[in-house]
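The structure under discussion appears below in the form of structure tokens.
Residue numbers (this note's numbering): 1267 to 1622.
Below you can see the structure in the form of structure tokens.
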């Protein structure tokens, strides 16, 4: 029996998510910039937001503050860092207060693994264990422990900078893929949650492309554009759909008590509470899911300069599972998956208006 399924961990969110095979793709938060502060542990349950002094960001920037530190160990010479989706560069604050951007590289300059155990047990247990393993396999890895990234049930989670990819369930990653990531910058496709700065639908389309053609280099990024959201008619069973006026929120929304949730709009209804008892995770997954919503559908163009694909993406609520999104959650919530259908394939029609 896997350690995640032992008697001591049966109620943990990560075990529940793995048991029902919840997918990773598209589970990206809605942030434009990260402000990393070197802070010795232990960290409080919540990190206090802090503006990066002297660093200029657009007024509407959605900024998330995180703590970071070597693991194991305490901050020594680390400095405050800022990364944003506009420049996709890591900027470090020097002793004189000036911010200096790091030169571009083809390999990760910063691998931040969530070890925030006071926020969620899965992150503390799985994140710390993963960092120790990386330090044995590739000692030169630029790896740090960071505070809450979101998606606790996908622990161990990490952010790769400067590329901006979020990863999950990294303890399942092979040593070969670890070395390829650190030494060559090649993405572990099976562990991708998405690229920060895009919508969940765009993230799913990119991962579809990478899976289909085994594109592991972050630079092999096709042009992706959501050209029209399609929303299923409520109650329609014949597959008819109609254009929607606006896209739903791109973010991983905030649920009760500030817990991160994949739900938005009508999907925010809660399932029945998880049942406690000897059945453990199985009992939690048997909770009745919330009433299915109208399935969000998206019309997406993917163009790599050679071929062009038109995709229909559908984010569907599964009717066979409901899980706790965090270890401390009192209620279970629905599980979702993405269906991707190719509706058209042609030669590339790449034009300047198609943007990443």
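Glycine included, each C-beta is placed from N, C-alpha and C at the ideal position. As the structure is a computational prediction, the values presented were derived from the model and not from experiment.
For residue 1615, which residues in the same chain have their Cβ closer than 7 angstroms to its Cβ, ignoring the five residues on either side in sequence? 1569, 1574
Determine, using beta carbons only, whether residue 1489 and residue 1579 come nearer to each other than 8 angstroms. no
CA-to-CA distance, residue 1409 to residue 1623, given in whole angstroms: This structure cannot speak to residue 1623, because the chain is shown only from 1267 to 1622.
Roughly how many angstroms lie between the CA atoms of residue 1372 and residue 1597, to the nearest whole one? 43 angstroms
Simplified DSSP assignment, three categories, for residue 1283: helix
Cα separation between residue 1609 and residue 1413? 41 angstroms
Short Cβ contact (8 angstroms threshold) for residue 1282 with residue 1572: no
Separation of residue 1418 from residue 1593, as counted between CA atoms: 8 angstroms
Do you know how far the Cα of residue 1407 is from the Cα of residue 1440? 15 angstroms
What three-state label does DSSP hand residue 1363 in the structure shown? coil
For residue 1349, which residues from the same chain have a beta carbon less than 6 angstroms from its beta carbon, with the 5 sequence-adjacent residues on both sides left out? 1300, 1356, 1427
What would DSSP say about residue 1589, mapped onto helix, strand or coil? strand
What is the C-beta distance between residue 1290 and residue 1396, in whole angstroms, given that I count them as a contact (C-beta under 8 angstroms)? With 8 angstroms as the limit, residue 1290 and residue 1396 do not qualify as a contact, their Cβ atoms being about 15 angstroms apart.
Cβ-Cβ separation, residue 1341 to residue 1305 (assumed contact under 8 angstroms), whole Å: 7 angstroms
From the DSSP output, read off the bridge partner residues of residue 1453. Partner(s): none; residue 1453 has no beta bridge.
Looking at the ligand ADP, does it come within less than 7 angstroms of residue 1465, judged from the CB to the closest heavy atom? Questions concerning the ligand ADP fall outside what the structure shown contains, since it holds no ligand whatsoever.
Helix, strand or coil at residue 1494 according to DSSP, with G and I counted as helix: strand
Residue 1542: buried (16+ other C-beta within 10 angstroms of its C-beta) or exposed? Residue placement at residue 1542 is flagged as unreliable, the pLDDT there being 33, under the threshold of 50; the coordinate-derived value follows with that caveat. Exposed, since its Cβ has fewer than 16 Cβ neighbours within 10 Å.
Given that a residue counts as buried once 16 or more other Cβ atoms are within 10 Å of its Cβ, and exposed if not, what is residue 1288? buried
Beta-carbon separation of residue 1462 and residue 1297 under 8 angstroms? yes
Please give the ranges of any alpha helix (DSSP H) in the segment 1344 to 1429, keeping only runs that are unbroken, at least 4 residues long and fully inside the region. 1387 to 1403
CB contact flag (residue 1338, residue 1384, <8 angstroms): no
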